[in-house]
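Report on one structure; see the data block that follows.
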Amino acid sequence: MNQHTFNILEFNRIKEEAAQYALTDLGKEKIKNIVPSYNKKQIISWLDEVSEGVEILKKSSSVPISGLNGIDQILKQLNKGMTLRPDQFMKLIDFLSCCKKLKRFMKDKEHLAPRVSAYVYSIEELPGLLEELERSIRNGRVDDYASKELLKLRKQISILQDRLKEKVQQIVKSNKYKSYLQEAIVSERNGRYAIPIKKEYKGKFPGTVLDTSASGSTLYIEPVEIAVFQDEVNSYMAYEEAEVERILTYLTGLVEANQVQIRLAVETMVHYDVLFAKAKYSRVLNGRSVEINDTHYILLKEARHPLLGANAVPLTVEIGKDYKALVITGPNTGGKTVTIKTVGLLTLMAQAGFHVPVSEGSHISIFQKVLLDIGDGQSIEQNLSTFSSHMKNIIHLLEEANDHSLVLLDELGSGTDPGEGMGLATALLKRFFLKGVCMLATTHYSEIKDFADRENGFVNGAMEFDMDTLKPTYRLIVGKGGESQAFAIALKLGMHPQIIEEAHKITYKEEIRYSFLIEDPFKKKTMEKQIAVQRHIRDKQTDFVRQKSVIFNKGDNVRILSTGEFGIVYNGPDTMGNYVVQVKEEKRTYNQKRLKLYIAAKELYPEDYDFNIIFETKENRKKHNIMEKRHMEGLVIEREQEKE
Numbered sequence: 001m002n003q004h005t006f007n008i009l010e011f012n013r014i015k016e017e018a019a020q021y022a023l024t025d026l027g028k029e030k031i032k033n034i035v036p037s038y039n040k041k042q043i044i045s046w047l048d049e050v051s052e053g054v055e056i057l058k059k060s061s062s063v064p065i066s067g068l069n070g071i072d073q074i075l076k077q078l079n080k081g082m083t084l085r086p087d088q089f090m091k092l093i094d095f096l097s098c099c100k101k102l103k104r105f106m107k108d109k110e111h112l113a114p115r116v117s118a119y120v121y122s123i124e125e126l127p128g129l130l131e132e133l134e135r136s137i138r139n140g141r142v143d144d145y146a147s148k149e150l151l152k153l154r155k156q157i158s159i160l161q162d163r164l165k166e167k168v169q170q171i172v173k174s175n176k177y178k179s180y181l182q183e184a185i186v187s188e189r190n191g192r193y194a195i196p197i198k199k200e201y202k203g204k205f206p207g208t209v210l211d212t213s214a215s216g217s218t219l220y221i222e223p224v225e226i227a228v229f230q231d232e233v234n235s236y237m238a239y240e241e242a243e244v245e246r247i248l249t250y251l252t253g254l255v256e257a258n259q260v261q262i263r264l265a266v267e268t269m270v271h272y273d274v275l276f277a278k279a280k281y282s283r284v285l286n287g288r289s290v291e292i293n294d295t296h297y298i299l300l301k302e303a304r305h306p307l308l309g310a311n312a313v314p315l316t317v318e319i320g321k322d323y324k325a326l327v328i329t330g331p332n333t334g335g336k337t338v339t340i341k342t343v344g345l346l347t348l349m350a351q352a353g354f355h356v357p358v359s360e361g362s363h364i365s366i367f368q369k370v371l372l373d374i375g376d377g378q379s380i381e382q383n384l385s386t387f388s389s390h391m392k393n394i395i396h397l398l399e400e401a402n403d404h405s406l407v408l409l410d411e412l413g414s415g416t417d418p419g420e421g422m423g424l425a426t427a428l429l430k431r432f433f434l435k436g437v438c439m440l441a442t443t444h445y446s447e448i449k450d451f452a453d454r455e456n457g458f459v460n461g462a463m464e465f466d467m468d469t470l471k472p473t474y475r476l477i478v479g480k481g482g483e484s485q486a487f488a489i490a491l492k493l494g495m496h497p498q499i500i501e502e503a504h505k506i507t508y509k510e511e512i513r514y515s516f517l518i519e520d521p522f523k524k525k526t527m528e529k530q531i532a533v534q535r536h537i538r539d540k541q542t543d544f545v546r547q548k549s550v551i552f553n554k555g556d557n558v559r560i561l562s563t564g565e566f567g568i569v570y571n572g573p574d575t576m577g578n579y580v581v582q583v584k585e586e587k588r589t590y591n592q593k594r595l596k597l598y599i600a601a602k603e604l605y606p607e608d609y610d611f612n613i614i615f616e617t618k619e620n621r622k623k624h625n626i627m628e629k630r631h632m633e634g635l636v637i638e639r640e641q642e643k644e
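The sequence shown stops at residue 644 when you use the UniProt record's numbering, and every number in between is there.
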């Protein structure tokens, strides 16, 4: 398993979607880092947990899971001589309270989810710690009743502050200083009370200047009469601060003494968060658990690609029982790639403990490797062609594949000469099969369909096509090879049968009638325009083609590009540029584009050479000599039928 596989099959997107249902950052991170397991017991355990989680969610949509806000930072600070702050203790109180609720909640679900509810016993409620924190910390600060000394100090500070405020108000309202005041208000500077006095009365108002206005016209003076009160308040506040620090240090020590239990509770909470995130995602996908095996057997009933949503067409596929290689042929737009991606993705999901969108009775096998060649793989940076990139990847797959691998190959052998591509694709299918892999491959080569039909361990599959709508249904039919449907579509859209018949002959080397499919006489008449050619234009075009197409001459030694064989040109070209070539005493027809001159006839034979020596049998040559001399009743020269 590697990131390339995860990215191509979009397994990372599945994890991203599932992570959205987690409540904790640790849970989200854990889901994003999930990798498929190869351990059968582990996978079954994960799937069973999610199944129980789904049952719990059916009964109660709200599970008391803490968001763990700031808890990880609190745990990092422990044992480093750092005192926790009141706001951090508030977060701990919330967490411990949530643990208490979760424990009560899960104990109530033991009959419904015995495996999942058992994890809650890993959480200790720590009632002593929770009670002490709740008694000492309230509303984000150390409470007055956290200690007797703190209560005493805060009461004294409150009394002194009241006296101080009263004294300051007396000074502000006093007629004695009324004319000195810039404003009849009390200000505060650096935690001490001050009165705004006009600059020119500085010497007449006894006190200490604490600040000056921006313009310099106002002085903020602490009256000498309240300085004593202010100093006394500050003294008590220093005592209060020391007592608060002592209490926070004491509470931090309590937390450190219980940190093992707290860390275990956090781990358990994260486990529940991941579990219920998977369960929520299962409900979104309408997913379910599957039977897990390690025998390469896959049976997906009405499987849907989880990222296609409502647009996903249910897929049923079975492999690994009577055959271990499924070759899917048919139209490029028929959903072949989506089919093999669905099988690969659901395999990864199941091995990672995710429910998958299938019907009941589905089976998925465990694979140590999911190897694939999907997509065009074009590498601009490395200047590799699509075909070269495919081959480089497939070479890597051949090196990696073994009998614990699931191999997915999309459009195998494409991007090169059709003849060589087909041969290469067939050889690769054989080699992967010999390595013992479980394999799904897609192709557009009809020859590979024939190969899969006759080869043991292989089976054909086809993507269904609706001829009425001229659209693929995206349904897989196993046991039947697919057709490209190009001829049927062209006929349906109104192309003349004669053109399609010629195309069929070129493609499949056989003659078949399509004209009987057109019953409407008006439609037939309209179609005639497609093939109607004026005689003088046809003759002109034929002459032109003949003039331009004489590339090879009779007797030329040529190489057939698709097979690498050599032959001797017998005759040609016809109007389509086709030549008849004798290969190993067999006459075949090839288009000029598939031939390459090896040695010209004029370099091989004298000018008056009798080519009948090459092209005619000894018996036919004897008959030819007799017929030139005299007529003989019943004497016939029989020539071998040309092959395409």
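The beta-carbon is built from N, C-alpha and C at its ideal position, and this holds for glycine as well. Remember, predicted model here, so these are calculated numbers, not experimental data.
- In this structure the segment 51-62 lies against the segment 273-291, because at least three pairs of beta carbons, one per stretch, are closer than 8 Å.
- Cβ-Cβ distances below 6 Å link M106 to S117, V120 in the same chain, with the five nearest sequence neighbours on each side left out; the list follows chain order.
- Ranked by Cα distance from E318, the options T589, Y605, L440, R288 are led by L440.
- By the beta-carbon neighbour count (other beta carbons within 10 angstroms, threshold 16), N460 is buried.
- Within its own chain, the residues whose Cβ lies closer than 8 Å to the Cβ of E528, once the five positions on either side in sequence are excluded, are H496, listed in chain order.
- Taking the Cα of L397 as reference, the smallest distance to any Cα among G70, I374, T617 is reached at I374.
- Burial check for Q230: the Cβ neighbour count within 10 Å reaches 16 or more, so the residue is buried.
- Annotation for K198: the continuous beta strand (DSSP E) segment containing it runs 192-198.
- The criterion of a C-beta distance shorter than 8 Å is satisfied by V186 and I195.
- The DSSP assignment places no complete beta strand (DSSP E) segment of no fewer than 3 residues inside the segment 15-69.
- DSSP lists no bridge partner for H111.
- Contact check for A18 against I8 fails: the beta carbons are separated by 8 Å or more.
- The residue from R135, S122, F487 with its alpha-carbon nearest to that of R513 is F487.
- In the three-state reduction of the DSSP assignment, Y180 falls in the helix class.
- Under the three-pair Cβ rule at 8 Å, the segment 291-308 counts as touching the segment 357-370.
- DSSP, reduced to helix, strand and coil, places V260 within a helical segment of the structure shown.
- Remark: C-beta atoms of V233 and L130 do not approach each other more closely than 8 Å.
- Secondary structure in the segment 436-511: the beta strand (DSSP E) runs of 3 residues or longer, each lying completely within the stretch, are 438-443, 458-466, 471-478 in chain order.
- Secondary structure of S365 (DSSP, three-state): strand.
- Following the DSSP letters along the chain, one finds L219 inside the beta strand (DSSP E) bounded by residues 218-223.
- In this structure, the straight-line span from the alpha carbon of K15 to that of M349 is close to 9 Å.
- In the three-state reduction of the DSSP assignment, K587 falls in the strand class, which pools E and B.
- The alpha carbon of L285 has as its nearest neighbour, out of A312, E291, V270, R588, the alpha carbon of A312.
- In the structure shown, G207 adopts extended strand secondary structure according to DSSP, grouped into three states.
- In the same chain as K392, and ignoring 5 residues on each side of it, no C-beta atom comes closer than 6 Å to its own.
- C438 and F387 have their C-alpha atoms spaced approximately 24 Å apart.
- Bridge pairing for V370: L406 [DSSP].
- Annotation for G567: no alpha helix (DSSP H) segment contains it, though the beta strand (DSSP E) segment containing it runs 566-571.
- Less than 8 Å separates the beta-carbon of P64 from that of L102.
- Taken through DSSP and simplified to helix, strand or coil, T563 comes out as coil.
- Apart from the 5 residues on each side of it in sequence, I137 sits with its Cβ closer than 7 Å to the Cβ of P86, F89, M90, I93, D143 in its chain, given in chain order.
- In the DSSP assignment, L326 is bridged to L440, V459.
- Here L315 is bridged, per DSSP, to A303.
- Here V327 is near T443, since their CB atoms are less than 8 Å apart.
- Counting along the chain, no beta strand (DSSP E) covers R513, and no H or E run does either.
- Membership of E420 in the alpha helix (DSSP H) is indicated by the continuous run 418-434.
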